[in-house]
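Participant: Take this structure, written in structure tokens, and hold onto it; I'll ask about it next.
Numbering (our numbering), first residue to last: 247 to 484.
As structure tokens, this is what we get:
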């Protein structure tokens with residue numbers, strides 16, 4: 247762990263159908279660089295629940311934080327990113343709603359994506375992807391064996407979380423970076439670029455599908471490291 251308290255920590259916020267352990271290779275790459283890393287396990291039950299989980303992690307940090315969000319996790323960091331610890335935001339194939347918008351509002355602009363019709367909803371209102379849809383859309387650039395493991399271990403997202411509207415949009419005040427996954431079949435690259443333009447993010451193109459942290463961990467880690475290098479020493483430690 248760096249002794250310099252001006253060196254940011256990294257807090258990672260996963261999205262739907264995966265959990266924090268999916269970031270293990272990225273975490274290891276960041277730790278090799280001497281960074282303190284926390285990967286939050288989000289309940290995916292409601293935006294407020296996920297925000298609370300991330301806020302708890304932020305409250306424990308004694309140094310500035312680069313806050314990372316993937317997919318739906320981008321909505322979470324947008325809501326919680328005005329926390330005093332946060333020095334910068336990194337969106338990886340992620341949503342970034344404005345105040346009064348929901349994740350669904352952004353996705354509905356590109357509702358022709360075929361995976362939308364491949365969900366299964368349980369009695370509690372949680373969304374699952376069918377195994378063949380995981381292979382075709384979520385993990386198409388990963389080995390099929392790995393995709394099937396992801397399908398078996400997927401963390402479902404409650405439908406209502408997609409409809410929860412943000413009341414804060416931290417990207418208005420915090421510097422932002424965006425990794426656009428050019429082979430994404432879950433969140434279209436066109437939508438990602440539109441979001442990145444709107445939030446005035448520094449953009450890096452990743453030649454990967456939606457789960458770039460699994461298929462291209464080094465390239466994904468490099469986006470985060472660029473943010474860390476940029477905010478290092480420019481944000482007061484607590």
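Every residue, glycine too, gets a C-beta built ideally from N, C-alpha and C. Values in this document were obtained by computation on a predicted structure and should not be read as measured data.
1. Can you name the start and end residues of the alpha helix (DSSP H) that residue 472 belongs to?
2. Please say whether residue 286 and residue 300 have beta carbons closer to each other than 8 Å?
3. Could you give the C-beta distance for residue 255 and residue 302, rounded to a whole number, given that I count them as a contact under 8 Å?
4. Output needed for residue 451: all residues of its chain with C-beta closer than 7 Å, excluding positions within five of it in sequence on either side, in chain order.
5. Please say whether residue 265 and residue 353 have beta carbons closer to each other than 8 Å?
6. Could you please give the first and the last residue of the uninterrupted alpha helix (DSSP H) stretch that includes residue 406?
7. Can you round the beta-carbon distance between residue 290 and residue 404 to whole angstroms, since I take them to be within the 8 Å contact cut?
8. According to DSSP, simplified to helix, strand and coil, what is residue 447?
9. What are the boundary residues of the alpha helix (DSSP H) that includes residue 352?
10. How big is the Cα-Cα spacing for residue 374 and residue 397?
11. Is the Cβ-Cβ distance between residue 257 and residue 470 less than 8 Å?
12. Give the DSSP bridge partners of residue 367, in chain order.
13. Looking only at DSSP bridge pairs, what is residue 427 linked to?
14. Measuring CB to CB, does residue 320 end up less than 8 Å from residue 341?
15. By Cβ distance below 8 Å, which residues in the same chain neighbour residue 249 in space, the five residues on each side in sequence not counted?
16. Going by alpha carbons, who is nearest to residue 442 out of 453, 458, 421, 460?
17. With DSSP as the reference, label residue 342 as helix, strand or coil.
18. Are the CB atoms of residue 278 and residue 345 nearer to each other than 8 Å?
19. Just checking my contact of residue 457 with residue 384 at CB under 8 Å: how many whole Å lie between their CB atoms?
20. From which residue to which residue does the beta strand (DSSP E) around residue 276 run?
21. Could you give the distance in angstroms between the alpha-carbon of residue 315 and the alpha-carbon of residue 440?
Facilitator: From the atom records:
1. 463-477
2. yes
3. Not a contact, Cβ separation roughly 14 Å.
4. 426, 428
5. no
6. 405-409
7. 6 Å
8. coil
9. 349-353
10. 9 Å
11. no
12. 373
13. 452
14. yes
15. Residue confidence is low: residue 249 scores 49 on pLDDT, short of 50, so the model does not pin down where it sits. Its coordinate-derived value is still stated next. There are no such residues.
16. 421
17. coil
18. no
19. 7 Å
20. That residue, residue 276, is in no beta strand (DSSP E); its alpha helix (DSSP H) goes 270-278.
21. 17 Å
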